[in-house]
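Engineer:
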Amino acid sequence: MQRSIRVSIDRGGTFTDVYAEMGTSASDVQVKVIKLLSEDPANYPDAPREGIRRILEEFTGIPHPRNQPVDTSRLEYIRMGTTVATNALLERNGERTALVITKGFRDLLYIGNQSRPKIFDLEITSPDMLYEEVVEVNERVQLVFENDRRPTDIRGVSGDYVRVLDPLDLVDLRAQLSAVRAKGIKSVAVVLVHSYTFTQHEQQIGSLAHELGFSQISLSSEIMPMIKMVPRGFTSCADAYLTPVIKDYLHSFCSGFDSNLNDVKISFMQSDGGLTPMSSFFGNRAILSGPAGGVVGYARTTRPPRLPAPLPVIGFDMGGTSTDVSRYDGTFEHVFESVTANVPIRAPQLDIQTVAAGGGSRLFYKNQLFVVGPESVRAHPGPVCYRKNGYLSVTDANLVTGRIVPQFFPHIFGPLENEPLDVEGTRKAFQTLSDEINASQQTAYSVEAIASGFLRVANEAMCRPIRNLTQMRGFDITTHVLACFGGAGPQHACSIAKALGMSKVYIQRYSGILSAYGLSLADSVIDKQWPASCPYVASENPSLVAKLQSLASVVLADLKAEGFDETHSTLEYFLNLRYEGTDTALMTRAVLPAGTTVQAGLLAFDFDTAFTTKYQQEFGFLLHARSVLVDDIRVRGTFSPPSNSQSTPTTISTTSASPHATTPLYFDELNAWKPVPVYLHSEMLHTQTVVQGPAIIMQNQATVVVESEWTAEILPNGDLYLYLSAPSSSLADQVHDQDVAPVVVMDPIQLSVFSHRFMGIAEQMGRTLARTSVSVNIKERLDFSCALFGPDGGLVANAPHLPVHLGAMQQAVKFQMQHWGHDIVEGDVLVSNHPQLAGGSHLPDITVMTPVFESGRIVFFVASRGHHADIGGIAPGSMPPLSKTLTEEGAAIVAFKLVDGRSGQFQEQGITDILLQKGKVDSNGRPAIGTRNLRDNLSDLKAQVAANQRGVLLMHDLIAEYSLQVVTAYMYFIQVRTYTVPQQ
1 MQRSIRVSID RGGTFTDVYA EMGTSASDVQ VKVIKLLSED PANYPDAPRE
51 GIRRILEEFT GIPHPRNQPV DTSRLEYIRM GTTVATNALL ERNGERTALV
101 ITKGFRDLLY IGNQSRPKIF DLEITSPDML YEEVVEVNER VQLVFENDRR
151 PTDIRGVSGD YVRVLDPLDL VDLRAQLSAV RAKGIKSVAV VLVHSYTFTQ
201 HEQQIGSLAH ELGFSQISLS SEIMPMIKMV PRGFTSCADA YLTPVIKDYL
251 HSFCSGFDSN LNDVKISFMQ SDGGLTPMSS FFGNRAILSG PAGGVVGYAR
301 TTRPPRLPAP LPVIGFDMGG TSTDVSRYDG TFEHVFESVT ANVPIRAPQL
351 DIQTVAAGGG SRLFYKNQLF VVGPESVRAH PGPVCYRKNG YLSVTDANLV
401 TGRIVPQFFP HIFGPLENEP LDVEGTRKAF QTLSDEINAS QQTAYSVEAI
451 ASGFLRVANE AMCRPIRNLT QMRGFDITTH VLACFGGAGP QHACSIAKAL
501 GMSKVYIQRY SGILSAYGLS LADSVIDKQW PASCPYVASE NPSLVAKLQS
551 LASVVLADLK AEGFDETHST LEYFLNLRYE GTDTALMTRA VLPAGTTVQA
601 GLLAFDFDTA FTTKYQQEFG FLLHARSVLV DDIRVRGTFS PPSNSQSTPT
651 TISTTSASPH ATTPLYFDEL NAWKPVPVYL HSEMLHTQTV VQGPAIIMQN
701 QATVVVESEW TAEILPNGDL YLYLSAPSSS LADQVHDQDV APVVVMDPIQ
751 LSVFSHRFMG IAEQMGRTLA RTSVSVNIKE RLDFSCALFG PDGGLVANAP
801 HLPVHLGAMQ QAVKFQMQHW GHDIVEGDVL VSNHPQLAGG SHLPDITVMT
851 PVFESGRIVF FVASRGHHAD IGGIAPGSMP PLSKTLTEEG AAIVAFKLVD
901 GRSGQFQEQG ITDILLQKGK VDSNGRPAIG TRNLRDNLSD LKAQVAANQR
951 GVLLMHDLIA EYSLQVVTAY MYFIQVRTYT VPQQ
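Number 220 in the UniProt record's numbering belongs to position 220 of the sequence shown; there are no gaps in the numbering.
(1) What's the C-alpha gap between Val157 and Ile314?
(2) Which residues bound the beta strand (DSSP E) around Lys345?
(3) Which residue or residues does DSSP assign as beta-bridge partners of Ser376?
(4) Closest to Glu669 by CA distance: which of Tyr721, Thr401 and Leu886 is it?
(5) Would you mind sorting Gln836 into buried or exposed? The rule is 16 or more other CB atoms within 10 Å of its CB.
(6) Which parts of the region 605–631 are runs of the alpha helix (DSSP H), unbroken and 4 residues or longer, counting only runs that do not cross its ends?
(7) Report the three-state DSSP secondary structure of Phe906 (helix, strand or coil).
(8) Please tell me whether Asn138 and Leu173 are closer than 9 Å, where the distance is taken between their beta carbons.
(9) Spatial neighbours of Glu39 within its chain, please: C-beta separation below 8 Å, excluding the five flanking residues on both sides.
(10) Quick one: is Ile526 buried, meaning 16 or more other Cβ sit within 10 Å of its Cβ, or exposed?
(11) Quick check on Val743: does DSSP put it in helix, strand or coil?
(12) Along the alpha helix (DSSP H) that carries Asn459, what are the first and last residues, could you check?
(13) Can you grab the Cα-Cα spacing for the pair Tyr970 / Tyr962, in whole Å?
(14) Measure the beta-carbon distance from Val804 to Ser841 and round it to whole angstroms, keeping in mind my assumption that it falls under 8 Å.
(15) Given 8 Å as the limit, is there contact between the region 470–488 and the region 314–334, that is, 3 or more CB pairs closer than that?
(16) Once you ignore the five residues that flank Thr199 on each side, which residues in its own chain have a CB closer than 6 Å to its CB?
(17) Check this for me: beta carbons of Leu311 and Val335, under 9 Å apart or not?
(18) If we require 3 or more residues per run, which beta strand (DSSP E) segments fall completely within the region 149–180?
(19) Which residues bound the alpha helix (DSSP H) around Pro490?
(20) What does the alpha-carbon distance come out to for the pair Ser326 and Leu964?
(21) Determine the burial state of Pro748: buried for a count of at least 16 other Cβ atoms within 10 Å of its Cβ, exposed for fewer.
(22) Between which two residues does the beta strand (DSSP E) containing Val640 stretch?
(23) Would you list the residues sitting across from Thr82 in a DSSP beta bridge?
(24) Can you name, in chain order, every residue of its own chain whose Cβ lies under 6 Å from the Cβ of Ala20, other than the five neighbours on each side?
(25) Short of 6 Å in beta carbon distance, which residues of its chain neighbour Arg155, apart from the five on each side in sequence? Order them along the chain.
(26) Classify Arg53 as helix, strand or coil using the three-state DSSP reduction.
(27) In this structure, what does DSSP give as the bridge partners for Gln142?
(28) Whose C-beta lies closer than 6 Å to the C-beta of Val966 among residues of the same chain, with five residues either side of it excluded?
(29) Do Ala838 and Ile893 have their C-beta atoms closer together than 9 Å?
(30) My understanding is that Gly358 touches Thr323, with C-beta atoms under 8 Å, so please give their C-beta distance in whole angstroms.
(31) Mapping DSSP to helix, strand and coil, what is Tyr510?
(32) Locate the beta strand (DSSP E) running through Phe789, then write down its first and last residues.
(33) I need the boundaries of the beta strand (DSSP E) containing Leu275, first residue and last residue.
(34) By Cβ distance below 6 Å, which residues in the same chain neighbour Gly890 in space, the five residues on each side in sequence not counted?
(35) From which residue to which residue does the beta strand (DSSP E) around Gln216 run?
(36) Take the Cβ of His411 as the centre, count every other Cβ of all protein chains shown within 10 Å, and call the residue buried at 16 or more, exposed below.
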């Protein structure tokens, strides 16, 4: 019997989606799609297994009883993405774990990098560690510099030399590990100092742990062979904590099939968007296993017609509790460190940003603002319309405004799960909220207007991470296509695109299950990395190329071991490069010309130029005086088998679709209901049908809202392409066209939107500063603040940075306005830190301020304040106890133009003289001591200038969108609200 059934499964937190194909060639492929609850113990023990059972019954017509092992004789492969690891991390129900670490470093991971992500919380609790026992091992190695080498020093795998100061004490360690094992702990993470290059001690500990009966042993030198002990330690602990959970689940899953699935090829999606065999699916690479399938899905299928070249794509995956956004421009964008459930994990993973706004996000009216999330109604009790005494959510707002059509939803709601969506109950709940809002604001908003206002706020919240992925990195967001998927994504697609200035939307025919469908399109990947730790010098290229080819041979061997032939395999070569003295490494890919050998192509490729080009794109400047270092080498092997998926029809028949029904839809701009046609997607397949908005298209798994001014084109393969056919004028254009500028009246909905926009600008400034700075204080500890200020210098909006900075920053801005008066010109950037005269706090906190000009006058200010580790003085740091004068504490800046707007030049010599305290004397008449780390001071000041410039550009964009009058008015309204709310 031929194995011709291919199953791809996305096991999510609420639902499990199954996409299956049967057939041996593209011409005879049949497709089945199933969606079922991930947890339903009354009916089945495991959702993916149940999905496969149902698929087999539908394809073969042969019954497969639930209480018997599932027959696998027809299965070609099973591919799965799962949130098992993510859920275990979030719920802290992983394997009991012990940490083995170099003596003296037991609290290293508890201390972490000292960043404070929720510093505005009134009660800050330290996150729980993944390990419950710590074993300090007697051993110590030390890096050795070239001028201090001895014959007994050892060359590590990275090329660094180390000296063993204290040999490994295995006798003492055996006793400690035996005691840990006696407590029932079976998993251990081993993290030693400098083990990224000197692996011998960790390997010996691993052998001992195996001998003592530990079932999971995660060596940091194998899990993440990279410099930086803290992220290496966290990642190894995550692997030790999560991998046993994954193995237990896989064992349970396989046990429900005959032969335990030994005769079926099983692959799992990793966080990097590549498939891996079940035997290689580990905890530290499984965190994004679920959403990664969706990224692959839209990357492989977003093909708008009639475009001369592929456009970059923004993926917009809107689920129940959150929304994931990502970007694709011909290659997958990877990051190598992320934080999930307060645990930093360093491993290749797709760059997916998440915002706590989804269909299930709760709606609140707080402090005169419309607030969406972050709390979620979850599946139980769910939204009000689910008839389970739930709470108002984004889903309810879509229902009340007509964006959800109840008659097309199954009757699965209520206590007995046999009732339709509750429209009347939802309207009553919104009426109660509307009464509260209208009483508070002395307004007369209708229920629909209130619900529509919440949708606008939710859309703005979901736009923020998209702006972070594009604008913050120098990409023009308007040139992208928005690929919408997930259960709720197509309802918001046009609104999100319009808010971002985008004109093209793509909705895949399987948008409701795209993560599962993406698995069927994914490649198998082997990704390996070795530490290098050497300067990048063109003359040393042959040595680096030899290492890359050596690593490539290992990757190819692993691909062959998994049964993948070289014919359909490709290799990508990377160097992880950074500037000396900085902390930000960029993974730089070699682009090899066609027609040359790999060796010749690598030797000829200029990694230095590729790195500096990428650095300029990411950060907006270069560090010309610094050499470039190689941290790691990396090779990524990809196997892409021939596809049996259905091909796109080549013949196109253009038809006009007939509406299946009509339904009322609320139009916010008209404050009125209008009837719109409803089309069934299934009736328009294999045609080239055009639908003019406003309209609603019902897919099998999603509702697509085609708004006014948009056109939807149903492509021959069933995908939907939406484009803006008649762009409306911006509010700024409308204000400009009026003879007399209208009086701006405060609208609480618009106030909520502007609150998001202003905070989003401050957040982008902060992200820019963190990425472009070089010091540990700013880059890792995040000891900085960014904010926007009104025309009077008063604080308007800030990102959640440091409260101690924010109270004083407006005084610094106001002082500079008073000090310089009319001598501030466009392009000026001001700097100060004086605590007595210029609104400073302590001297290390340096404030950089940039005026925002419009029509030749200052209209706003943006500013950033960052903590510089050394500012001079008799001792590094802040306020040395023996200081008698401010000069002895460090350099004090009352007012200085860091950038001269008239010349456009960064005043490096002037600020250098100030930081070195040239011409200053201490209390004893001796020359004052200047900064000891001028290079980092200058680099961080340039980073603050870059952060401010990001804020200036975004403020100009906001003015262009809404007009200066409206933006200024809402700055004032926010300041008034901030003043009045605490008094109520």
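Just so it is clear, CB atoms sit at the ideal spot from N, CA and C, and this is done for glycine as well.
Structural biologist: Put simply:
(1) Counted from its first residue, the sequence shown places residue 157 at position 157. Counted from its first residue, the sequence shown places residue 314 at position 314. C-alpha separation (whole angstroms): 39 Å.
(2) For the purposes of this step, residue 345 is identified with residue 345 of the sequence shown, where counting begins at 1. It is worth fixing the name first, because residue 345 is Ile in this sequence and not Lys. Here the beta strand (DSSP E) through Ile345 covers Val343 to Ile345.
(3) For the purposes of this step, residue 376 is taken as the residue at position 376 of the sequence shown. For Ser376, which the question treats as bridged, DSSP gives the partners Ser361.
(4) For this step, residue 669 is matched to residue 669 along the sequence shown. Among Tyr721, Thr401 and Leu886, the Cα nearest to that of Glu669 is on Thr401.
(5) On the sequence shown, position 836 is the one that residue 836 refers to. The residue is exposed, with fewer than 16 neighbouring Cβ atoms inside 10 Å.
(6) 607–619
(7) To locate residue 906, count along the sequence shown from 1; it is residue 906. Strand.
(8) As a position in the sequence shown, residue 138 is number 138, starting the count at 1. As a position in the sequence shown, residue 173 is number 173, starting the count at 1. Yes, they are a contact pair.
(9) The residue you call residue 39 lines up with position 39 of the sequence shown. Correct list, in chain order: Ala47.
(10) Within the sequence shown, residue 526 is the residue found at index 526, counting from 1. The residue is buried, with at least 16 neighbouring Cβ atoms inside 10 Å.
(11) Taking the sequence shown and counting its residues from 1, one reaches residue 743 at position 743. Three-state DSSP puts Val743 in coil, outside helix and strand.
(12) Your numbering for residue 459 matches position 459 in the sequence shown. Segment Val447 to Thr470, the alpha helix (DSSP H) holding Asn459.
(13) Here residue 970 is taken as the residue at index 970 of the sequence shown, counted from 1. Here residue 962 is taken as the residue at index 962 of the sequence shown, counted from 1. The straight-line gap from Cα to Cα measures roughly 10 Å.
(14) Locating residue 804 in the sequence shown gives position 804, counting from the first residue. Locating residue 841 in the sequence shown gives position 841, counting from the first residue. 6 Å between Cβ atoms; contact.
(15) yes
(16) Counting from one through the sequence shown, the residue named residue 199 turns up at place 199. Hits under 6 Å: Ser221.
(17) To locate residue 311, count along the sequence shown from 1; it is residue 311. To locate residue 335, count along the sequence shown from 1; it is residue 335. Cβ distance not < 9 Å, so Leu311 and Val335 don't count as in contact.
(18) 161–166
(19) For the purposes of this step, residue 490 is identified with residue 490 of the sequence shown, where counting begins at 1. Note, Pro490: alpha helix (DSSP H), Gly489 to Leu500.
(20) Counting from one through the sequence shown, the residue named residue 326 turns up at place 326. Counting from one through the sequence shown, the residue named residue 964 turns up at place 964. Approximately 32 Å between the Cα atoms of the pair.
(21) Counted from its first residue, the sequence shown places residue 748 at position 748. It counts as buried.
(22) Start at 1 with the first residue of the sequence shown, and residue 640 comes out as number 640. Just to set this straight, residue 640 is Ser in the shown sequence, not Val. Neither: Ser640 is in no beta strand (DSSP E) and is coded neither H nor E.
(23) Within the sequence shown, residue 82 is the residue found at index 82, counting from 1. DSSP lists Arg11 as partners of Thr82.
(24) Here residue 20 refers to the residue found at position 20 of the sequence shown. Correct list, in chain order: Val7, Lys32 and Ile55.
(25) What you label residue 155 is simply residue 155 of the sequence shown in a count that begins at 1. Closer than 6 Å at Cβ, skipping near neighbours: Tyr161.
(26) Start at 1 with the first residue of the sequence shown, and residue 53 comes out as number 53. Three-state DSSP puts Arg53 in a helix.
(27) Sequence index remark: in the sequence shown, residue 142 carries index 142 (1-based). Paired residue(s): Arg163.
(28) Here the question's residue 966 lines up with position 966 in the sequence shown. Cβ neighbours of Val966 beyond the five flanking positions: Val744.
(29) To locate residue 838, count along the sequence shown from 1; it is residue 838. To locate residue 893, count along the sequence shown from 1; it is residue 893. Cβ distance < 9 Å, so Ala838 and Ile893 count as in contact.
(30) As a working note, residue 358 is residue 358 in the sequence shown. As a working note, residue 323 is residue 323 in the sequence shown. Contact holds; Cβ gap of about 5 Å.
(31) Taking the sequence shown and counting its residues from 1, one reaches residue 510 at position 510. It is coil, neither helix nor strand.
(32) Locating residue 789 in the sequence shown gives position 789, counting from the first residue. First-last of the beta strand (DSSP E) with Phe789: Phe784 to Phe789.
(33) Indexing the sequence shown from 1 puts residue 275 at position 275. It spans Leu275 to Pro277 - the beta strand (DSSP E) in which Leu275 sits, taken as one unbroken run.
(34) Locating residue 890 in the sequence shown gives position 890, where the first residue counts as 1. If we look at Gly890 and ignore the five residues flanking it on each side, its Cβ neighbours are Leu843, Ile871, Gly872 and Gly873.
(35) Residue mapping note: residue 216 aligns to position 216 of the sequence shown, counting from 1. Its beta strand (DSSP E) spans residues Gln216 to Leu219.
(36) One-based indexing of the sequence shown puts residue 411 at position 411. When all chains shown are included, His411 counts as exposed.
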